[in-house]
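Quick note: the sequence shown uses my numbering, first residue 2, plus one each step.
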Amino acid sequence: MKVLVVGSGGREHALCWSIAASPLCDKLYCAPGNAGITREAECVPIGAEDVAGLVSFAKENAIDFVVVGPEAPLVMGLADDLRAAGIKTFGPSAAAAQIEGSKAYMKDLLTKSGVPTAAYGRFTDSATAKAYITEQGAPIVVKTDGLAAGKGVILCDTVDEAHAAVDSMMTDKTFGDAGNEIVIEEFLDGEEASFFALVDGTRALPLISAQDHKAVGDGDTGPNTGGMGAYSPAPVMTGALTEEVMETIINPTVKTMADMGTPYVGVLFAGLMISKTGTKILEYNVRFGDPECQVLMRRLKSDILPALIAAADGQLDRFNLRWHDDAAMIVVMAANGYPGAYEKGSEIKGVNAAEGQDDIVIFHAGTKKDGETLTATGGRVLGVTAMGTSVTDAQSKAYNAVDAIEWPGGFCRRDIGWRAVEREAKAAK
Ligand code: AMP
Ligand code: GLY
Numbered sequence: 002m003k004v005l006v007v008g009s010g011g012r013e014h015a016l017c018w019s020i021a022a023s024p025l026c027d028k029l030y031c032a033p034g035n036a037g038i039t040r041e042a043e044c045v046p047i048g049a050e051d052v053a054g055l056v057s058f059a060k061e062n063a064i065d066f067v068v069v070g071p072e073a074p075l076v077m078g079l080a081d082d083l084r085a086a087g088i089k090t091f092g093p094s095a096a097a098a099q100i101e102g103s104k105a106y107m108k109d110l111l112t113k114s115g116v117p118t119a120a121y122g123r124f125t126d127s128a129t130a131k132a133y134i135t136e137q138g139a140p141i142v143v144k145t146d147g148l149a150a151g152k153g154v155i156l157c158d159t160v161d162e163a164h165a166a167v168d169s170m171m172t173d174k175t176f177g178d179a180g181n182e183i184v185i186e187e188f189l190d191g192e193e194a195s196f197f198a199l200v201d202g203t204r205a206l207p208l209i210s211a212q213d214h215k216a217v218g219d220g221d222t223g224p225n226t227g228g229m230g231a232y233s234p235a236p237v238m239t240g241a242l243t244e245e246v247m248e249t250i251i252n253p254t255v256k257t258m259a260d261m262g263t264p265y266v267g268v269l270f271a272g273l274m275i276s277k278t279g280t281k282i283l284e285y286n287v288r289f290g291d292p293e294c295q296v297l298m299r300r301l302k303s304d305i306l307p308a309l310i311a312a313a314d315g316q317l318d319r320f321n322l323r324w325h326d327d328a329a330m331i332v333v334m335a336a337n338g339y340p341g342a343y344e345k346g347s348e349i350k351g352v353n354a355a356e357g358q359d360d361i362v363i364f365h366a367g368t369k370k371d372g373e374t375l376t377a378t379g380g381r382v383l384g385v386t387a388m389g390t391s392v393t394d395a396q397s398k399a400y401n402a403v404d405a406i407e408w409p410g411g412f413c414r415r416d417i418g419w420r421a422v423e424r425e426a427k428a429a430k
């Protein structure tokens, strides 16, 4: 069959790498893709948010199945338009994608489903929002309702900071229309984990867990990013906790969405906060996490394509996926300056040598190739992934590969996986 993957990041490279290995896939396209993805797929220069362009391409090229990577085209209705054109698609409708597109919608849906989440209020005027903050006290979290490229969440230690966040979102419009409505939320303390399930409209199949590192600096310091690295399994996510999350969070959400007439089809990504007092959901995303997807694809033993098709066809009950027992780690290499303004066009050398090392696969995010010269075009640029017998083993292999890459214009964190490595060291004593 002919498959089209939409997107251009490390997540999409990992998906293409998995899908290209499927015996069911005769021809793989990626729009727009990147320099690394050209190994796995034919890249076509159509932007991930060019909904009309993607639908025409899929029709003209008789694409059998489309896998949508990022959230923005889903929120814009790409999956609806593809299905209306008769093309099977993995990804939720625009209505269902509101679960990521609008935090206010998501929080109301969680409340309706009885799913444990932080206490919250929704506000469309700043005076009421500030009064709520004063009443609740700090620490407290202020979020834009709409998508703000992962930046619309401000964790505030004081009431004054929270009032300033309200002004920045509602008065200064720092995040544009995304801040027309805001959500103010109880601060939850604990350990975060990323939980993924494939959903076919009425049923959910849990995937394995992963943990990412959002802060840019070692020791989880500095500003938040899309994710500087990840590993799987996440030791905090035990089998019992997986069952609890399916029962108290994922299944009730899927049921409510189906009952509301907006069934969810695709991958549901729950950002969890695990604490001594219980596990709550921070947010839903309508896509695979990036970089989490890169470790998930490394650990997947089964063919991914039939599972994605089964989700799109409403037939997940026939499925069970198998995973490698080995651990996987990804270390993100980003351009100097990221997540702020960063330099573009610096040259990267040594990627082939790094990839020649045992158990290493390098996924590309923001790269361009001219002849044999590889240059950086994005903030997050490379995903260096390794498999190992433990997270500690995968970590040491990943950093050996990182050290073989010559890229003065880039940097990475040196402590990805520290929680799991500490746990493994304690267990070995
Ligand atoms: P979100 O985009 O909602 O996942 O928020 C981004 C990050 O902000 C999360 O991964 C958490 O680290 C943090 N965060 C969001 N909401 C809360 C909360 N209610 N309490 C504590 N941390 C939060
Ligand atoms: N790594 C977190 C995300 O993809 O949102």
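Just so you know, even glycine gets a beta-carbon here, dropped at the ideal spot from N, CA and C. All values reported here derive from a predicted model rather than from experimental measurement.
Review point. Do residue 355 and residue 363 come within 8 Å of each other at the CB atom, strictly closer than that value?
Key: yes
Check your understanding: Cβ-heavy atom distance between residue 196 and the ligand AMP below 7 Å?
Key -> no
Review point. Quick one: what does DSSP say residue 142 is sitting in, helix, strand or coil?
Key: strand
Check your understanding: What first and last residue would you give for the beta strand (DSSP E) that runs through residue 157?
Key -> 154 to 157
Review point. What do you get for residue 214, buried or exposed, if any count of 16 or more other CB atoms within 10 angstroms of its CB means buried?
Key: buried
Point to revise | Buried or exposed (CB count within 10 angstroms, at least 16 for buried), residue 46 | key: exposed
Check your understanding: Just to confirm, are residue 282 and residue 250 a CB contact at a threshold of 8 Å?
Key -> Yes, they are a contact pair.
Practice item. Please name the residue, chosen from 31, 82, 234 and 185, that lies closest to residue 425 on a Cα-to-Cα basis. Key: 234
Point to revise | N-terminal and C-terminal residue of the beta strand (DSSP E) that residue 224 is part of | key: 222 to 225
Practice item. Measure the CB-CB distance between residue 202 and residue 259 and report whether it falls below 8 Å. Key: yes
Check your understanding: Taking the DSSP output, what are the residues bridged to residue 213?
Key -> 231
Review point. Cβ of residue 292 versus every heavy atom of the ligand GLY: is any distance shorter than 7 Å?
Key: yes
Exercise for review: Could you check if residue 224 is buried or exposed, using at least 16 other CB atoms within 10 Å of its CB as the buried criterion?
Suggested key: exposed
Exercise for review: Between the Cα of residue 412 and those of 261, 277 and 219, spot the shortest distance and give me the residue it belongs to.
Suggested key: 219
Exercise for review: Return the CA-CA distance between residue 193 and residue 104, expressed in angstroms with no decimal places.
Suggested key: 18 Å
Review point. Taking C-alpha atoms, which residue in 167, 143 and 148 lies nearest to residue 156?
Key: 143
Check your understanding: Which one of 106, 49, 56 and 84 has the shortest CA to CA distance from residue 71?
Key -> 49
Point to revise | Simplified DSSP state of residue 325, which is helix, strand or coil | key: coil
Check your understanding: Anyone know if the C-beta pair for residue 172 and residue 114 falls short of 8 Å?
Key -> no
Point to revise | Residue nearest to residue 252 in terms of C-alpha spacing, selected from 237, 269 and 181 | key: 269
Point to revise | Assigned secondary structure, residue 54 (DSSP; H/G/I helix, E/B strand, else coil) | key: helix
Review point. Relative to the alpha-carbon of residue 95, which residue among 106, 428, 78 and 111 has its alpha-carbon at the smallest distance?
Key: Of the candidates 106, 428, 78 and 111, the residue whose Cα lies closest to the Cα of residue 95 is 78.
Review point. Are residue 374 and residue 368 close, meaning C-beta to C-beta below 8 Å?
Key: no
Practice item. Could you tell me if the beta carbon of residue 182 falls within a distance shorter than 7 Å of some heavy atom in the ligand AMP? Key: no
Practice item. Within its chain, find whatever has a CB closer than 6 Å to the CB of residue 124; leave out the 5 residues flanking it on each side and keep chain order. Key: 130 and 183
**Study point:** Whole beta strand (DSSP E) elements within the segment 368 to 404, 3-residue minimum
**Key:** 368 to 371, 374 to 377 and 381 to 389
Review point. Hey, is residue 272 close to the ligand AMP, as in C-beta under 7 Å from one of its heavy atoms?
Key: Answer for residue 272: yes, Cβ within range of the ligand AMP.
Check your understanding: Measuring CA to CA, which of 107, 59 and 198 is closest to residue 86?
Key -> The residue with the shortest Cα to Cα distance from residue 86 is 59.
Review point. Are the CB atoms of residue 17 and residue 7 nearer to each other than 8 Å?
Key: Here residue 17 is not near residue 7, since their CB atoms are 8 Å or more apart.
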